[in-house]
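Residue numbering for the sequence shown follows my numbering, beginning at 16 and increasing consecutively. These notes concern the structure reproduced below.
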Amino acid sequence: MHLSRRIWIWVKTTYFRITISKITTCFFLFSFLHCFIHSIVQSVLFSFDTNANTRASDIVKEAQIPNEVAWLVRHNDNFTLSLCKDVPVQKSNEASCKLIFQSGMGPISVPTGFRRRDDETAASVTDVGIRTVTRINPEVNSSAAAGINFSSASVNGGSTVFLSEQCTRVLVYANQVLNNSKREELALIGSEFWLLGISIFAIMYDSIPHLLAGFFMRILSTGWSAYSIWRTLDIHNRFQGLITNGACKVDLFPGYSHDRFSVQIVDLVLNVVALLLSCYLVWKLVRTYATCMFRRVGAPLHLIKIYRFFLGVFICLQMSVYLLVASTSLWIDQLVNGPLVKISAHNNIYLGSFSVVIIALLPWIASGWFAVRREMRRTMLVFLCTGALYVAGWGLMYYSQVFRWTWTQWPFFASLYVAAHFVQLASVVLGVYCRRNFHRGFAQYLYADSNLERIDFEPEVFPHDANGDIEKQTFEIDFKVALDADDASDKSHEGRVTKSGRPGA
C-alpha cells in the first residue's frame, strides 16, 4: 500500500510538472510524438536492412564461406575486393589477403585456404520463407563452375539463378555492410528513448543541462540523417559495381536502395522539423528556468559566468551517457559477433576494460555532479582523474589495429566514438575551470536557490519591475549575494542594539 501510494504521488507530480504551463505541455507532447514516430521510421529502415542482410547471410552460409575481413579498395567506379585473414591496416598484414574481385577482370579462381568446405553429400535444399537456396557440387553444374543455385520471388522474376563461387564471396562484403546498418538503426532507436527520458527529466526538475544535452543530440541526429542519405546512394553504387554488374550479374537486393532512400528522406524531414521545434521550445524553457532561478536568489556577474561553465560540465556528462554506452556497445558487438572475433588477440582485455567503462560511467557522472555543485575537493579530484583516464584510454585505442580498422571502415561508429571522446575531454577541461573557481560563493548560491525552490518561494517577494515579463528578463540581474545581504543586515542590527540598548529600536 505504501509503495502504491508513492507511485500515485509520483504520477500526480509528473502530471503537474508536465501541465504546469503551455510550453512544458507542448515540449512533452513534442518529445513523445517525435520519439514514437521516429522510432517507427527507424524500425522500417531496420526491417529493410534485416531482409537484405538475411538474404546475403543465407547465401554466404549456404556456400560455407569463412567469415573473413572484407577489404574494398575503390578508385572512382573501379572496385577491388579482397578477403583477409587479418586486418590490412599495415603492409605486412596485406599478405593475408587474397583477391576476390576486380572491376574489368573476368572470374577469379578462389585461392587455396579460401575455398568453401567440400560437400561430400548429395545436393541439399534449404527453404526459408520465399527464399530457396540449393547447394550443388561443382561437377553437377553444366559450366563446371562451383557455386549455388538461388531462387526468390523478388529476384530475377522468381527464376532460379546460378551464383558462382566468386559471387558468393563478394556477398561477404555486402553481408558485413548490412550487418552494420542494422546495428546503426538499433542505436538510433535507442537514442530516441534516451532523448524522451532526459526530456521528461528536464521538465520534472527544471533542468537546463538536460534540455541543452537533448538539443545538441538532435543536432547530431539531424546531421547523421543528412549524411546517411548520401551513404545509401554510395552503398547502392558499390553493390551495383560488385554484385549486379560485377561478380553475380543479377540484382540480389531489388528495391533495397530505393525503398531505403525514400524512407530516409522522410527521416531527414522529420529530424529537421523536430530540430526547429526543439530550438524554439528549448530556448523558451531555458530562459524561463534560468530567469526564475536568478530571480529567486540574485547572482552577480561572476557567478553567472561560473554557472555557464557549470552547465557545460553537466551537458557533457548527460551526452556521455548515450554516446559512451552506444559506442562501447557497438565495439563490443563487433568483437563478439563480427569477423574480428577470430582475429583480435586481445578480445578478453577489450571486453573486460570496456565492461569496466560501462559500470563506472554512472558513478563517474554522479561524482562530477556532486563535486561541482557542492565544491567537494576530493570528489572533484576523483572525477577529474577518472575523466583523464577515460580520455587517455580511448586515445590509446587508436594503437589497436582491429580498432583502427573498425573506425575507418564504419562511419557511424567513428562518428559516435569521436563525439564521445570530445564530450569526455570537454567535461574534464570545464571541470578544471570549475575547480579553479571553488569557494567563490557558487555552492552557497546553489544551496540558497535549492532551499527557496524546495519551499516554493516566489520571486515576486523581491523588488522587481512590475512591467517586466519573466521571459524577457536577462541573466545579468543586478542583485547582491544572499550571504552578503545577511552580513549587512547583521551589522545594521548590531548597530541599533548598541545605540538604543534594546533590539529593534
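Where a beta carbon is used, it is the ideal one built from N, C-alpha and C, also for glycine. As the structure is a computational prediction, the values presented were derived from the model and not from experiment.
| Asked | Found |
| --- | --- |
| Residue nearest to LEU445 in terms of C-alpha spacing, selected from VAL192, ILE280, LEU193, VAL387 | VAL387 |
| Limits of the beta strand (DSSP E) - the one that TRP239 falls within | Element bounds for TRP239: not the beta strand (DSSP E) but the alpha helix (DSSP H), 223-254. |
| Status (buried if at least 16 other CB within 10 Å, exposed otherwise) for GLN105 | exposed |
| LYS113 - partner residues in DSSP beta bridges | LEU98 |
| Residue range of the alpha helix (DSSP H) that includes ILE24 | 17-33 |
| Beta-carbon spacing of SER335, SER442 below 8 angstroms | yes |
| Reduced DSSP secondary structure (H/G/I, E/B, other) of ILE163 | strand |
| Nonlocal neighbours in the same chain, by C-beta distance under 6 angstroms from ASN252, ignoring five residues either side | none |
| Contact the stretch 207-223 vs the stretch 290-310: 3+ CB pairs below 8 angstroms | yes |
| Cβ neighbour criterion (16 or more within 10 Å) applied to TRP209 | buried |
| Classification of TYR432 by the beta-carbon crowding that lies within 10 angstroms, buried from 16 upward | buried |
| Distance between ASN195 and ALA435 (C-alpha atoms, nearest Å) | 19 angstroms |
| Limits of the alpha helix (DSSP H) - the one that TRP209 falls within | 180-220 |
| Range of the contiguous beta strand (DSSP E) that encloses TRP86 | 84-90 |
| Under the three-state DSSP convention, the category VAL288 falls into | helix |
| Under 8 angstroms between C-beta atoms of ALA67 and PHE268 | yes |
| The stretch 237-244 / the stretch 277-295 touching (three or more Cβ pairs under 8 angstroms) | yes |
| Own chain residues within Cβ distance below 8 angstroms of THR39, not counting five before or after | ARG32, ILE33, ILE218, LEU300 |
| Proximity of LEU178 and ALA71 at Cβ, strictly below 8 angstroms | no |
| Burial state of PRO354, where buried means 16 or more other Cβ atoms lie within 10 Å | buried |
| Residue of ILE213, ASN91, LYS76 minimising C-alpha distance to ASP249 | ASN91 |
| Simplified DSSP state of VAL104, which is helix, strand or coil | coil |
| Cβ neighbour criterion (16 or more within 10 Å) applied to TRP346 | buried |
| Inter-stretch contact at 8 angstroms, needing at least 3 Cβ pairs: the stretch 374-384 / the stretch 399-409 | yes |
| Within 8 angstroms, strictly: CB atoms of LEU87 and LEU98 | no |
| Boundaries of the alpha helix (DSSP H) in which THR2 is found, first to last residue | Only positions 16 to 520 of the chain appear in the structure, and residue 2 is not among them; the question remains open. |
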